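These notes are about the structure you will find just below.
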Amino acid sequence: MPGLCDHEGPWSKLRLVANAKQEVFKLLETLPDEASLEDIQYHLYVLQCIGRGRQDVEAGRTLPQDEAERRMARWLEK
């Protein structure tokens, strides 16, 4: 089953860096010149979520695939 972030997007070409300002500059370089403020905010949000996810993985806050699928199935039933 593909993951939620398997699709291509400007964030897929970025490596998260320690400095938030550098991260924003790198993101802006990947977006088209006609990107709206809303587009930029969305991509910053995605980068922030990816960063939090990576921190969770490093801290061991993960679930086995079968447990995640079981939980998702319950949410989808509602």
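For the record, in the sequence shown the residue sitting at position 36 is 16 according to this note's numbering, with numbers rising by one throughout. Where a beta carbon is used, it is the ideal one built from N, C-alpha and C, also for glycine. Treat the numbers as computed from the prediction; the structure is a model and nothing was measured.
Alpha carbon to alpha carbon, how far is Ala48 from Val4? 31 Å
Can you give the Cα-Cα distance for Ala15 and Leu24, rounded to whole angstroms? 13 Å
| Under the rule that 16 or more other beta-carbon atoms within 10 Å means buried, what is Leu27, buried or exposed? | buried
Item to complete: Consult DSSP for Glu15 and reduce its assignment to one of helix, strand or coil.
Response: It should be noted that the sequence gives Ala, not Glu, for residue 15. Ala15 falls in the coil class under three-state DSSP.
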